[in-house]
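Engineer: My structure is below; once you've seen it, I'll send some questions.
Numbering (the working numbering), first residue to last: 1 to 145.
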């Protein structure tokens, strides 16, 4: 009982506000550790795995695009984001300006790609998709439209 009595006398000698502050801090720490949301441990994703997931997702979207208008819109949206990012990098325009030009029909100069990215023509989706991908590849490699 001697160590317990010494601890009590030590705490009794401290200012009362400090004792309560330490007690509330300890309770707060215990409550935070007990009641926080359980977090699943994160596993590092290898670079090859991330590319596989992206490619698998695109393959799934392409399969669904045969019959799903949602998948077609999603593919167009991804391609439009890619086109805007490429334009911002190559030409140094702001993203807002690039999106405004795309929505208003001033960019890209190729009318078929412009119509595809804006979602105007849905009759030959896969042919227009292939044409837009080729045009974006040329543009990304430093060529023109």
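For every residue, glycine included, the Cβ atom is placed at its ideal position computed from N, Cα and C.
Give the straight-line distance between the Cα atoms of residue 83 and residue 30, rounded to the nearest whole angstrom.
Structural biologist: Using only the alpha carbons, I get a separation of about 51 Å.
Engineer: Buried or exposed for residue 108, please, with buried defined as at least 16 other CB atoms from any protein chain shown within 10 angstroms of its CB.
Structural biologist: It is buried - the Cβ of residue 108 has at least 16 other Cβ atoms within 10 Å.
Engineer: With respect to the alpha helix (DSSP H) encompassing residue 104, which residues constitute its N-terminal and C-terminal limits?
Structural biologist: Here the alpha helix (DSSP H) through residue 104 covers 95-104.
Engineer: In its own chain, which residues sit with a C-beta less than 8 Å from the C-beta of residue 3, not counting the 5 before and 5 after it?
Structural biologist: Contacts found: none.
Engineer: Could you spell out where the alpha helix (DSSP H) holding residue 74 opens and where it closes?
Structural biologist: Note, residue 74: alpha helix (DSSP H), 69-91.
Engineer: Could you give the distance in angstroms between the alpha-carbon of residue 91 and the alpha-carbon of residue 69?
Structural biologist: Rounded to whole angstroms, residue 91 to residue 69 spans 32 Å at the Cα level.
Engineer: How do the stretch 60-67 and the stretch 110-122 stand: do at least 3 beta-carbon pairs fall below 8 Å, yes or no?
Structural biologist: No, the stretch 60-67 does not touch the stretch 110-122.
Engineer: Does the separation of the CB atoms of residue 116 and residue 136 fall below 8 Å?
Structural biologist: No; because the gap between Cβ atoms is not below 8 Å, this pair is not in contact.
Engineer: On a Cα-Cα basis, can you pick out the residue from 141, 74, 63, 21 that is closest to residue 87?
Structural biologist: With distances taken between Cα atoms, residue 87 lies closest to 141.
Engineer: Where residue 139 and residue 126 are concerned, what is the direct C-alpha to C-alpha distance, given to the nearest angstrom?
Structural biologist: Their backbone Cα atoms lie some 20 Å apart in a straight line.
Engineer: With DSSP collapsed to three states, give me the class of residue 128.
Structural biologist: DSSP places residue 128 in helix when its eight states are reduced to three.
Engineer: For residue 74, which residues from the same chain have a beta carbon less than 7 Å from its beta carbon, with the 5 sequence-adjacent residues on both sides left out?
Structural biologist: Hits under 7 Å: 61.
Engineer: Using a Cβ-Cβ cut-off of 7 Å (strictly less than) and excluding sequence neighbours within five positions of residue 100, which residues of its own chain qualify?
Structural biologist: None.
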